[in-house]
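J.: So the protein lines, in turn, are chains Y and U. For the first sequence, the working numbering assigns the number 1 to the initial residue and increments by one for each residue that follows. For the second sequence, the working numbering assigns the number 192 to the initial residue and increments by one for each residue that follows. Take this structure first; my questions come after.
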Amino acid sequence: YDVAYRVPAAKSGGRVRYWEVEYRGVGLREREYVEPAAVEGAESTSDVMRAVAFRDGDYLLAFAVQCQERGRFDLATRLYAQAREEFGEDEKPLTVFENLHLIAWVYWRKQTTERGTDRAQDLRRLLELAEEDPSLRTPSNDRFLRRLERTVAPRKSKPGTVEALIDELTEYWDDPLGFPQKPAERASYWK
Amino acid sequence: HPVLADVAKEYKRLGLPLPPAHAELVRIN
Numbered sequence: 001y002d003v004a005y006r007v008p009a010a011k012s013g014g015r016v017r018y019w020e021v022e023y024r025g026v027g028l029r030e031r032e033y034v035e036p037a038a039v040e041g042a043e044s045t046s047d048v049m050r051a052v053a054f055r056d057g058d059y060l061l062a063f064a065v066q067c068q069e070r071g072r073f074d075l076a077t078r079l080y081a082q083a084r085e086e087f088g089e090d091e092k093p094l095t096v097f098e099n100l101h102l103i104a105w106v107y108w109r110k111q112t113t114e115r116g117t118d119r120a121q122d123l124r125r126l127l128e129l130a131e132e133d134p135s136l137r138t139p140s141n142d143r144f145l146r147r148l149e150r151t152v153a154p155r156k157s158k159p160g161t162v163e164a165l166i167d168e169l170t171e172y173w174d175d176p177l178g179f180p181q182k183p184a185e186r187a188s189y190w191k
Numbered sequence: 192h193p194v195l196a197d198v199a200k201e202y203k204r205l206g207l208p209l210p211p212a213h214a215e216l217v218r219i220n
């Protein structure tokens, strides 16, 4: 079994959607093509614990918080204990908050390549995180921040120039599953 | 180690997402 959140359709005839905790706890990911007959209740704490037995500590930590916030306190407590056990097995165990900051770092970094997100906000979040937690100031993270700053900086390229074409590539998008996308999303590449 | 309520507070402060309030936890076989 996997565990997921079932979200009822907003209106009649709409689609029921399923969201699961992303690998390493970095947000939620929609699960597609769920067969309704394969879905069962998750009222039992031990059933859920069995379903997440092989998950990593970060996944368990994020899921524990979500259960805590949604009133599943017994499940949340068990998940949190399991997360700490997983963390304890790391060669150099980080604190719970350090793990949480890493989750946030990867989450906000991932947002920069999601469609329709506000990269200036992503940058603000990442800069704040790096400010608060100096362990995140690795050379590669710093390089990423500098590049993101240049991505969100006001564009100076003149339309029609090579520089403008390169700037437009920051909005290029290709469906990872190969489904056709809107022509505009690939126009910068073909130009 | 911090209590879970404090971890949850930090999780939200960091802008990490929660499932919709009306979502129901299920298992998928």
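Idealized CB from N, CA, C, for every residue including glycine. As the structure is a prediction and not an experimental result, all values here were calculated from the model.
#1: For R17 of chain Y, which of Y:T45, Y:E30, Y:G25 and Y:K11 has the nearest alpha-carbon?
#2: Just the Cα atoms here: how many angstroms apart are A42 of chain Y and R143 of chain Y?
#3: I'd like to know whether the C-beta of R186 of chain Y is nearer than 9 angstroms to at least one C-beta of chain U.
#4: For the stretch 198-205 of chain U against the stretch 64-77 of chain Y, do three or more pairs of beta-carbon atoms, one drawn from each stretch, fall closer than 8 angstroms, so that the two count as touching?
#5: How is D90 of chain Y classed by DSSP in three states: helix, strand or coil?
#6: Excluding the 5 residues flanking Y172 of chain Y on each side, which residues of the same chain have their C-beta closer than 6 angstroms to its C-beta?
#7: Determine the closest residue to A125 of chain Y out of Y:L102, Y:S140 and Y:G116, with distance taken between C-alpha atoms.
#8: Counting along the chain, where does the beta strand (DSSP E) carrying A37 of chain Y start and finish?
#9: Under three-state DSSP, which class holds Y5 of chain Y?
#10: Of all the CB atoms in chain U, is at least one closer than 9 angstroms to the CB of E40 of chain Y?
#11: Between which residues of its own chain and V106 of chain Y is the CB-CB distance below 6 angstroms, once the five residues before and five after are set aside?
#12: In the DSSP assignment, find the alpha helix (DSSP H) that holds W109 of chain Y and state where it starts and stops.
#13: Check this for me: beta carbons of V3 of chain Y and V52 of chain Y, under 9 angstroms apart or not?
#14: Could you pull out every residue in the same chain whose Cβ sits closer than 8 angstroms to the Cβ of L169 of chain Y, ignoring the five residues on either side in sequence?
#15: Measure how close the beta-carbons of A130 of chain Y and V152 of chain Y come, nearest whole angstrom, since I'm counting them as under 8 angstroms.
#16: Any beta carbon of chain U sitting closer than 9 angstroms to that of G27 of chain Y?
#17: Flag this pair as yes or no: are the beta carbons of A104 of chain Y and L209 of chain U separated by less than 9 angstroms?
#18: Between the C-alpha atoms of R50 of chain Y and H213 of chain U, what's the straight-line distance to the nearest angstrom?
#19: Among the candidates Y:P8, Y:F54 and Y:S46, whose CA atom is the shortest distance from the CA of R24 of chain Y?
#20: Can you give me, in chain order, the residues of the stretch 52-73 of chain Y that have a beta carbon less than 9 angstroms from any beta carbon in chain U?
#21: Show which residues of chain U have a CB atom less than 8 angstroms away from the CB atom of D47 of chain Y.
#22: Which residues in the same chain as Y80 of chain Y place their Cβ atom closer than 6 angstroms to its Cβ, once the five residues preceding and following it in sequence are excluded?
T.: Short version:
#1: Y:E30
#2: 43 angstroms
#3: no
#4: yes
#5: coil
#6: S188 and Y189
#7: Per the sequence shown, the amino acid found at residue 125 of chain Y is Arg instead of Ala. Nearest C-alpha to R125 of chain Y: Y:L102.
#8: First-last for A37 of chain Y: undefined, no H or E at that position.
#9: strand
#10: yes
#11: V26
#12: The amino acid occupying residue 109 of chain Y in the given sequence is Arg; Trp does not appear at that position. Per DSSP, R109 of chain Y belongs to the alpha helix (DSSP H) from V96 to Q111.
#13: yes
#14: S188 and Y189
#15: With a Cβ gap of about 16 angstroms, A130 of chain Y and V152 of chain Y do not count as contacting.
#16: yes
#17: no
#18: 24 angstroms
#19: Y:F54
#20: L61, A62, A64, V65, Q66, C67, Q68, E69, R70, R72 and F73
#21: R218
#22: A64
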